[in-house]
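Number 306 in UniProt numbering belongs to position 306 of the sequence shown; there are no gaps in the numbering. We treat Cβ as the ideally placed atom computed from N, Cα and C, and that holds for glycine. Small disclaimer: the values here were computed from a predicted structure and weren't measured. Report on one structure; see the data block that follows.
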Amino acid sequence: MNEKPATVRVFCSPGSWIESDAVDQCHRVAALDGMRHVAGMPDLHPGKGAPIGAAMLSSVLHPFLVGSDIGCGIAVFPIKLKRPNLERLAARFPDLDRALTPGDEQWPHDIPAGHTQGLATVGRGNHFVELARVDSVPQAGRVSKGDLVLIVHSGSRGLGESILRAHTEVHGAAPAPDPAAYLQAHDDAVRWGSLNRRLMAARVAHALGAAPAEPIVDECHNFVEVRDGLYLHRKGAAAGDGRDVLIAGTRGTPSYLVAGHAGAEANFSVAHGAGRKMSRADALRRNKAKHTVAELRRTAVGSLVVCGDRQLLFEEAPTAYKRIEQVIGDLVAHELATPVAVTVPLITYKTRDRS
Numbered sequence: 001m002n003e004k005p006a007t008v009r010v011f012c013s014p015g016s017w018i019e020s021d022a023v024d025q026c027h028r029v030a031a032l033d034g035m036r037h038v039a040g041m042p043d044l045h046p047g048k049g050a051p052i053g054a055a056m057l058s059s060v061l062h063p064f065l066v067g068s069d070i071g072c073g074i075a076v077f078p079i080k081l082k083r084p085n086l087e088r089l090a091a092r093f094p095d096l097d098r099a100l101t102p103g104d105e106q107w108p109h110d111i112p113a114g115h116t117q118g119l120a121t122v123g124r125g126n127h128f129v130e131l132a133r134v135d136s137v138p139q140a141g142r143v144s145k146g147d148l149v150l151i152v153h154s155g156s157r158g159l160g161e162s163i164l165r166a167h168t169e170v171h172g173a174a175p176a177p178d179p180a181a182y183l184q185a186h187d188d189a190v191r192w193g194s195l196n197r198r199l200m201a202a203r204v205a206h207a208l209g210a211a212p213a214e215p216i217v218d219e220c221h222n223f224v225e226v227r228d229g230l231y232l233h234r235k236g237a238a239a240g241d242g243r244d245v246l247i248a249g250t251r252g253t254p255s256y257l258v259a260g261h262a263g264a265e266a267n268f269s270v271a272h273g274a275g276r277k278m279s280r281a282d283a284l285r286r287n288k289a290k291h292t293v294a295e296l297r298r299t300a301v302g303s304l305v306v307c308g309d310r311q312l313l314f315e316e317a318p319t320a321y322k323r324i325e326q327v328i329g330d331l332v333a334h335e336l337a338t339p340v341a342v343t344v345p346l347i348t349y350k351t352r353d354r355s
């Protein structure tokens, strides 16, 4: 048992939308063996057994705090296109539900853990690939106003799920009995997730007639880091200690590239996105009553949404999420990050339209 209770701090303002269930989850996590400190980000919301938007420091490694999508993160790739026509470009996006096969030109030579299932696919949920335009640059950095970028949000697909399942089938929600063995598999999933984002960006660039590029940002937000002999679990929280991070808004709102400078009170972490305001069930019910499918395929900022899954269109509608401006404002107010660029979506890809 802990010698003294773990501390909990949620970095938000009184005007932020933070569900009490999410805060309760933070306190339940704080009671786990070995836990030292739980930091909730301003995008904090309830997850399955553990909060999403939290960084949790412990002397004991708890695999369920990272979850099944080990290595999930967001990468940003520069892309050059001449006179982009959004309708034509949207129609040219490749099928990112179809995995690469060994005969494909982009098949990689080194695949972490030899896991080929789902390679170069985006997945469901809140994962996406987005063509965006840099709208403003509060601080000089890696991009300029008017630049186009590809934003890729995805993880390790079935690999991370298999790693967590192998643990839970034997140990349930208990700590990892062999942290080194878990970390070896975990690190493979983190590398796989990064490779997956690069492969998808290359597939999209080729399809749109552009040259693939290396990412200017590629930061994971579902992983565990060994720091000063302790385990820093991040679930929906990005490393914010001296790194640039893309904090995603929604398909109908801006996203923010920020310079992270979070300290120990925030477990050296920043938010990873706007954070859900509604459960998927609530979003499906409410948005079906308010919107048509056609309405949800074009956003308030004029961007297009490529999504052949009607249920996902409703579940992932911008209204299902918190205000990204509030999340960024809270990070700035608590001196955890500084915005360096703002991107506006042009085309957001979720799934191929099968019609």
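I need the boundaries of the alpha helix (DSSP H) containing residue i, first residue and last residue.
{"i": "E105", "result": "Per DSSP, E105 belongs to no alpha helix (DSSP H) and is neither H nor E."}
{"i": "D24", "result": "20-30"}
{"i": "L296", "result": "293-296"}
{"i": "S162", "result": "158-171"}
{"i": "F314", "result": "310-315"}
{"i": "L89", "result": "86-92"}
I need the boundaries of the beta strand (DSSP E) containing residue i, first residue and last residue.
{"i": "P345", "result": "337-349"}
{"i": "E130", "result": "128-136"}
{"i": "V306", "result": "304-306"}
{"i": "I74", "result": "73-79"}
Tell me, please, which residues DSSP counts as bridged to residue i.
{"i": "N222", "result": "K235"}
{"i": "H62", "result": "For H62, which the question treats as bridged, DSSP gives no partner whatsoever."}
{"i": "A176", "result": "For A176, which the question treats as bridged, DSSP gives no partner whatsoever."}
{"i": "M35", "result": "S58"}
{"i": "I52", "result": "H45"}
{"i": "T7", "result": "H37"}
{"i": "S194", "result": "S194 is not bridged to any residue."}
{"i": "R227", "result": "L230"}
{"i": "G148", "result": "Here residue 148 turns out to be Leu, not Gly, going by the sequence shown. Answer by DSSP bridge pairing, in chain order: I79, R133."}
{"i": "V217", "result": "V76"}
{"i": "E321", "result": "Note on residue identity: the sequence assigns Tyr, not Glu, to residue 321. According to DSSP, which records beta bridges pairwise, Y321 is partnered with R276."}
{"i": "H153", "result": "I74, F128"}
Compare the C-beta of residue i with all C-beta atoms of chain B and state if any pair is closer than 8 Å.
{"i": "P102", "result": "The question asks about chain B, but that chain is absent: this structure has only one protein chain."}
So, at 7 Å on beta carbons, what are the nonlocal neighbours of residue i in its own chain, with the 5 sequence-adjacent residues on each side left out?
{"i": "R92", "result": "A207, L208"}
{"i": "P177", "result": "H171"}
{"i": "P94", "result": "R203, V204, A207"}
{"i": "P63", "result": "L164, H167, A176, Y182"}
{"i": "A211", "result": "A205"}
{"i": "R276", "result": "H45, A320, Y321"}
{"i": "A333", "result": "S13"}
{"i": "residue 356", "result": "Summary: the structure shown does not reach residue 356, with the chain confined to residues 1 through 355, and so no result is reported for it."}
Which residues in the same chain as residue i place their Cβ atom closer than 8 Å to its Cβ, once the five residues preceding and following it in sequence are excluded?
{"i": "G15", "result": "Q326"}
{"i": "A213", "result": "F77, P78, I79, A201, A205"}
{"i": "L304", "result": "L86, E87, A90, R297, R298, L346, I347, T348"}
{"i": "A136", "result": "Residue identity differs from the one stated: residue 136 is Ser in this sequence, not Ala. Counting only Cβ-Cβ distances below 8 Å, and skipping sequence neighbours, we find K145, A341, V342."}
{"i": "F314", "result": "A283, L284, N287, K288, H291, L296"}
Spatial neighbours of residue i within its chain, please: C-beta separation below 6 Å, excluding the five flanking residues on both sides.
{"i": "M278", "result": "A320"}
{"i": "N2", "result": "Reliability fails at N2, whose pLDDT of 44 lies under 50, so the model's placement of it is uncertain and the value that follows must be treated cautiously. If we look at N2 and ignore the five residues flanking it on each side, it has no Cβ neighbours."}
{"i": "G158", "result": "Q117, G118"}
{"i": "I324", "result": "G249, T253, A274"}
{"i": "G308", "result": "T351, R352, D353, R354"}
{"i": "V306", "result": "A90, F93, Y349"}
{"i": "V143", "result": "V134, A341"}
{"i": "A34", "result": "In the sequence as presented, Ala is not what sits at residue 34; that position holds Gly. Cβ neighbours of G34 beyond the five flanking positions: S58, S59, V60."}
Our contact map puts residue i next to residue j with C-beta atoms below 8 Å; I'd like the distance itself, whole angstroms only.
{"i": "A274", "j": "T292", "result": "Wrong, their Cβ atoms sit about 23 Å apart, outside the cutoff."}
{"i": "V66", "j": "K290", "result": "Not a contact, Cβ separation roughly 35 Å."}
{"i": "A55", "j": "N267", "result": "4 Å"}
{"i": "G47", "j": "V10", "result": "Going by Cβ atoms, the distance from G47 to V10 rounds to 15 Å, so no, they are not a contact pair."}
{"i": "A259", "j": "A132", "result": "Not a contact, Cβ separation roughly 19 Å."}
{"i": "G73", "j": "G155", "result": "7 Å"}
{"i": "A189", "j": "G71", "result": "4 Å"}
{"i": "A271", "j": "P42", "result": "6 Å"}
Point to revise | 3 or more residues per run - each beta strand (DSSP E) lying fully within the segment 237-291 | key: 237-239, 241-247, 255-261, 269-271
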